[in-house]
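Presented below is the structure to which this report refers.
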Amino acid sequence: MTIPLIVDVIPAGALQTESGLHTLAVSGTAGGGAIVQYATNQDDHFYVPGPMLEDQTRKRELRLLKNREAARECRRKKKEYIKCLENRVAVLENQNKALIEELKSLKELYCQQKTE
1 MTIPLIVDVI
11 PAGALQTESG
21 LHTLAVSGTA
31 GGGAIVQYAT
41 NQDDHFYVPG
51 PMLEDQTRKR
61 ELRLLKNREA
71 ARECRRKKKE
81 YIKCLENRVA
91 VLENQNKALI
101 EELKSLKELY
111 CQQKTE
């Protein structure tokens, strides 16, 4: 059995609760911060288990990395979709112009045959 590593933490603006277990936002870590629970001992020092803090930081970093990748992929797909829509608009505009021209020529032909 391994003994958990205890890291001494100085909380900024932490709130005391009746249960003895507190929540603390820790900043300045490699991942930019984490929310952890901690307890106080008889000397009123605050302690957070080290592996728990490292695990939460690692999980947060992994979640942020996955989120970044998902956002990048979403933006790429959106650009691709917009390009497809723009191409479709261009094709439909060309078809519309061609149909308008065909309608004009048929109207002229009809008017000519009607007058004859």
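Heads up: the sequence shown begins at 1 in full-length UniProt numbering, then just goes up one per residue. All C-beta atoms, glycine included, are put in the ideal place defined by N, C-alpha and C.
As assigned by DSSP and simplified to three states, the class of residue i
i	result
GLU61	helix
GLU73	helix
GLU101	helix
SER108	In the sequence as presented, Ser is not what sits at residue 108; that position holds Glu. It is helical.
GLU116	coil
Cut-off 8 Å between Cβ atoms - residues of its own chain near residue i, not counting five sequence neighbours on either side
i	result
GLU108	none
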